[in-house]
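Each remark here refers to the structure printed beneath this line.
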Amino acid sequence: MVTRIGPAPMADEPWNEIVGGLSMGGHWVRGGVPVVVRAEFDVVVSLFQREGHGPGTDVEHHYLNIPDRPLLPEQLDEVFRLAELTAGAVDSGRRVLVRCEYGYNRSGLVVAGALGRLGYPVADAIELVRRRRSEWALHNQAFVEYLTNGHPGPHSA
1 MVTRIGPAPM ADEPWNEIVG GLSMGGHWVR GGVPVVVRAE FDVVVSLFQR EGHGPGTDVE
61 HHYLNIPDRP LLPEQLDEVF RLAELTAGAV DSGRRVLVRC EYGYNRSGLV VAGALGRLGY
121 PVADAIELVR RRRSEWALHN QAFVEYLTNG HPGPHSA
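The UniProt record's numbering applies: residue 1 is where the sequence shown begins, and numbers increase by one.
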C-alpha cells in the first residue's frame, strides 16, 4: 500500500469506469473545475451535493448526505442499501455513476460495496477501485474497515 501524506489532490478525470457500467467520480477536478453530470448515466448516486452539478432531470438520482469520517450505524445501513441498489442497476445493464466531493472515499465505499454484491472479493474490489480511480481512493481507513469487516447491510439477518 502507498503511504499518502497530506491532503488528497483533486482527480484529473471527472469520473473513471471501475467495471463495465459502473463509474466513480467527484464534483471537482484538478484546478477546482466543477464536474457537471447531464445525461451520461442512467443512474447517479451522490454522497455529496452542490447545486449546478447535475444530474439532468431525466436521470434517476439517489442522494445520501454522509461525512467523510466514521459513520453512524444507520448511515452505514444506508450506504450498503445504496451499494445494493448500485449493484442491481449495473447487473441490469444500466450505466451508473457513484460520486462524492473528490470521488475517493464515500463513493469508493459504495462502489466497493457494490462490487462485493457483484461477486468480487473485498480485497479485489478495493484494489480495483484504487487502480481504476486513484491511489487516493478509499484512503479513509474507517471505510476500508467497514468493507473488510463484512458489514451485513440492512437486508441481512
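For glycine and all other residues, C-beta sits at the position ideal for the given N, C-alpha and C.
*First and last residue of the uninterrupted alpha helix (DSSP H) at G108*: Counting along the chain, the unbroken alpha helix (DSSP H) around G108 starts and ends at R106 to R117.
*Start-to-end residues for the beta strand (DSSP E) that takes in I18*: Note, I18: beta strand (DSSP E), W15 to V19.
*Would D124 be called buried (16 or more neighbouring beta carbons within 10 Å of its own) or exposed?*
So D124 counts as exposed.
_So if DSSP puts Y63 in a beta bridge, which residue, or which two residues, is it bridged to?_
By DSSP's assignment, Y63 forms a beta bridge with S46.
*What does a CB cutoff of less than 8 Å around H53 pick up in its chain, not counting 5 residues either side in sequence?*
Excluding sequence neighbours, H53 sits near H27, P34, V35, V36 and V37.
*Do you know whose CA, among E40, F143 and E78, lies nearest P55's CA?*
Ranking E40, F143 and E78 by Cα distance to P55 puts E40 first.
_Run through the DSSP bridge pairs and tell me what P34 is partnered with._
W28, per the DSSP bridge assignment.
*Straight-line CA distance for R50 to R99?*
Our two residues, R50 and R99, have alpha carbons roughly 12 Å apart in a direct line.
*residue 158, DSSP secondary structure in three states*: Because the chain spans 1 through 157 in this model, residue 158 falls outside it and cannot be assessed.
*Quick one: Cα of H155 to Cα of F48, how far?*
Any answer about H155 is weak, because its pLDDT of 38 lies below 50 and its placement is not dependable; what the coordinates show is given next. Pairing H155 with F48, the inter-Cα distance amounts to about 24 Å.
*Locate the alpha helix (DSSP H) running through L97, then write down its first and last residues.*
Under the DSSP assignment, L97 falls outside any alpha helix (DSSP H), being part of the beta strand (DSSP E) whose first and last residues are V96 to R99.
*Output the boundary residues of the alpha helix (DSSP H) element that contains D124.*
Note, D124: alpha helix (DSSP H), V122 to R132.
*How far does the alpha helix (DSSP H) with Y146 in it reach, from first residue to last?*
Per DSSP, Y146 belongs to the alpha helix (DSSP H) from Q141 to T148.
*What separation, rounded to the nearest whole angstrom, lies between the Cα atoms of H61 and D42?*
Here the alpha carbons of D42 and H61 stand approximately 9 Å from one another.
*L22 in three-state terms, based on DSSP*: Per DSSP, reduced to three states, the secondary structure at L22 is strand.
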